[in-house]
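Numbering (the numbering used here), first residue to last: 550 to 863. Single-structure report; data block below.
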């Protein structure tokens, strides 16, 4: 039996995707440039969308499930007056449609408030969400109508402003699983005039921003892995930040964790934790050791026992 090849490159590569390619196309570009097969991403961007795509390379793919927990920030435009089947500019028009109402500052503030906080949202009929083992866009193309349960999502912040008689500009920070296309469609339904997503750019995933990402053009032009890892966007495995509470281990506890043992930690962080919560383990130099699960909470939350969940190493 052939031995599994170990990855030579392990880390995160933030890329600025251009409009046109699929997210998988960008993954293929990275595989070619880095000469590494183990590459995934932390959230699909539709082909028409652009902006930040966070690629997990090598052993960082083991952290992919955790990175999906970061909130995401998008900017873009919503075209008012017509809904579409895909909820974006690439779909066929459908109802509702009609004249756009006047939207002053008060009306915009009320509209934004209606879609802020914890809300129920239906995914677009043309999306990658799976029902009965098939993606919704596959079922839609087959002409099959399916009933989909709404999903609870969180909108942390939403800003809306007019940019012409039938165009809204927006900036939204939202939880994982949120569909911006559904936001555009639902705004059109609420206004009674119909609406669809006209443009979309993802500008941040948690602490990772588009300003510090590698342009897609540079990724495509790279002839050597060093052209990518030396461009300033590359984030080594040990420096990855995850959306959970961090704890620091002393050398003895760090060694125990790295060998699969449970550790007991005295916390200085005042944020509450509960049994079952994921927690990030780092050494005294701040390097990522892995992710654990809180097994027991003691001394009013100041002391916790943590079981290894994903061990990365020093």
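Built from N, CA and C at the ideal position, the CB exists for glycine as well.
Quick one: Cα of residue i to Cα of residue j, how far?
{"i": "residue 667", "j": "residue 826", "result": "21 Å"}
{"i": "residue 802", "j": "residue 610", "result": "25 Å"}
{"i": "residue 792", "j": "residue 647", "result": "42 Å"}
{"i": "residue 750", "j": "residue 712", "result": "17 Å"}
{"i": "residue 820", "j": "residue 742", "result": "45 Å"}
{"i": "residue 783", "j": "residue 643", "result": "44 Å"}
{"i": "residue 528", "j": "residue 578", "result": "This structure cannot speak to residue 528, because the chain is shown only from 550 to 863."}
{"i": "residue 567", "j": "residue 811", "result": "45 Å"}
{"i": "residue 697", "j": "residue 830", "result": "38 Å"}
{"i": "residue 562", "j": "residue 651", "result": "43 Å"}
{"i": "residue 580", "j": "residue 570", "result": "15 Å"}
{"i": "residue 727", "j": "residue 850", "result": "32 Å"}
{"i": "residue 770", "j": "residue 582", "result": "8 Å"}
Looking at C-alpha atoms only, which residue of the options is the closest neighbour of residue i?
{"i": "residue 673", "options": "780, 768, 783 and 732", "result": "732"}
{"i": "residue 591", "options": "603, 734 and 744", "result": "603"}
{"i": "residue 828", "options": "834, 860, 848 and 804", "result": "860"}
{"i": "residue 842", "options": "660, 816 and 824", "result": "824"}
{"i": "residue 657", "options": "707, 703 and 625", "result": "707"}
{"i": "residue 600", "options": "794, 809, 765 and 769", "result": "765"}
{"i": "residue 746", "options": "570, 585, 571 and 596", "result": "596"}
{"i": "residue 833", "options": "558, 755, 710 and 804", "result": "804"}
{"i": "residue 699", "options": "710, 718 and 735", "result": "735"}
{"i": "residue 806", "options": "852, 862 and 655", "result": "862"}
{"i": "residue 808", "options": "844, 794, 815 and 856", "result": "856"}
{"i": "residue 669", "options": "702, 795, 663 and 655", "result": "702"}
If you check the beta carbons only, do residue i and residue j fall under 7 Å apart?
{"i": "residue 575", "j": "residue 763", "result": "no"}
{"i": "residue 629", "j": "residue 744", "result": "yes"}
{"i": "residue 606", "j": "residue 653", "result": "no"}
{"i": "residue 649", "j": "residue 715", "result": "yes"}
{"i": "residue 858", "j": "residue 840", "result": "yes"}
{"i": "residue 737", "j": "residue 598", "result": "no"}
For chain D, is any of its Cβ atoms less than 7 Å away from the one on residue i?
{"i": "residue 581", "result": "Considering every chain present, this structure includes no chain D. It has just one protein chain."}
Helix, strand or coil for residue i? Go by DSSP, reduced to three states.
{"i": "residue 617", "result": "coil"}
{"i": "residue 713", "result": "coil"}
{"i": "residue 769", "result": "helix"}
{"i": "residue 740", "result": "helix"}
{"i": "residue 567", "result": "coil"}
{"i": "residue 856", "result": "strand"}
| task | Decide if the region 630-642 is in contact with the region 782-791; the criterion is three or more beta carbon pairs, one per stretch, under 8 Å apart. | result | no
| task | Examine the Cβ distances between the region 614-625 and the region 713-727 and report whether three or more of them are shorter than 8 Å. | result | yes
| message | Taking contact to mean 3 or more Cβ pairs, one atom from each stretch, closer than 8 Å, check whether the region 797-815 and the region 764-775 are in contact. | response | no
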